[in-house]
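Structure, as structure tokens:
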Amino acid sequence: MKNLILYIKKRFFIVNALLLIAVLFSFSFLYSCGMNIFSEEDDVKMGKEIDDEIKAHPREYPMLQGHQEIKDYVSSMGKYILNVSPKIEYKKTFPYNFQVINDTIVNAFCTPGGYIYVYTGLMKFVDNEATLAGIVGHEIAHAERRHMTQRLTSYYGVSLAMSIVLGNNPNQVAEIVANLFTGLGFLANSRSDEEEADDYSIKYLATSRYYPGAITFFFDKISEEQRRRGEAPGGLDRLLSTHPLPQDRIDNVKDKLKKLGKTFDPTKGLYTEEYQQIKSKLP
Ligand SMILES: [Zn+2]
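Okay, so the sequence shown: first residue is 6 according to our numbering, each after it adds one.
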């Protein structure tokens with residue numbers, strides 16, 4: 006009897022050890038393939054929790070108050086892009102929504118599950134509707150390609166994977182969100198994520214009323230400002246810290262645009278006048 010128990014214990018240990026090795030092996034292998042240990046439901050849950058945190062931190066994230074016309078404008082632009090592009094897969098799975106933060110920061114960001122935030126600083130910086138649409142398309146792509154939970158997968162790595170496999174921390178998602186807000190901050194986007202988001206933004210806008218390459222006007226304007234002032238303009242620091250901006254990105258967009266196999270006129274589909282009207286109403 007004692008031998009039997011010992012045998013079972015030993016077997017159990019071997020099975021566990023083999024499982025551990027298999028898990029470690031498959032995770033290290035899958036890292037290189039853009040692996041994501043989170044489910045799509047985790048993305049939605051995480052996005053909602055981050056949104057709650059954002060609303061609970063009005064000093065860091067002053068949501069635009071009043072100005073319904075501006076909020077509606079950004080929201081309907083986002084929804085229009087979702088509707089017009091057949092390439093957006095999660096439009097029914099993710100609770101996509103588009104909100105405005107009233108701050109001079111020239112940036113936009115996105116959480117998992119499609120909560121997208123646009124700063125009024127960005128809206129003032131760009132010159133036409135198509136450029137803003139290009140940036141909104143880029144943020145949609147971060148959600149669609151699930152970049153953040155992919156980055157979290159490689160950041161937390163095997164320890165998180167193991168605790169999920171062993172089921173010993175059901176509140177893992179909430180804990181990760183809390184960490185994002187305390188120590189870690191939002192993890193910087195990798196250059197390959199950025200290029201991918203640019204590529205998808207062009208694809209999404211290719212079937213829209215907007216010139217799909219307008220995001221390059223944004224890059225060009227940043228470069229121009231940098232040249233003029235010899236440094237990044239105020240409010241752009243945060244953008245540049247989470248969005249690396251090498252010349253390659255501009256070249257990449259131009260290259261991808263050519264590959265769409267259709268010629269686009271960069272002087273059409275910009276909606277400059279309409280945009281200037283909205284811009285003049287910004288607080
Ligand atoms: Zn980005």
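Glycine included, every Cβ here is placed at the ideal spot set by N, Cα and C.
- In this structure, ILE145 and ILE86 form a Cβ contact; the two beta carbons are roughly 6 Å apart against a cut-off of 8 Å.
- Judged by the Cβ position, ASN194 qualifies as a neighbour of ligand 1 at the 8 Å threshold, a heavy atom of the ligand being closer than this.
- Under the three-state reduction of DSSP output, ILE220 falls in the helix class.
- A heavy atom of ligand 1 is found nearer than 8 Å to the CB of GLU199.
- By a beta-carbon distance limit of 8 Å, SER90 contacts THR212. Their separation comes to about 6 Å.
- For ASN257, the enclosing alpha helix (DSSP H) begins and ends at 252-264.
- Taking C-alpha positions only, PRO217 is separated from SER206 by approximately 8 Å.
- ILE106 carries a strand assignment under DSSP once its states are collapsed to helix, strand and coil.
- Exclusion of the five residues before and after VAL79 leaves PHE103, VAL105 and VAL123 as the residues of its chain whose Cβ lies within less than 6 Å of its Cβ.
- DSSP links PHE114 through a beta bridge to TYR122.
- Within 8 Å of the C-beta of GLU144 there is at least one heavy atom belonging to ligand 1.
- DSSP places THR272 outside any alpha helix (DSSP H), giving it a letter other than H or E.
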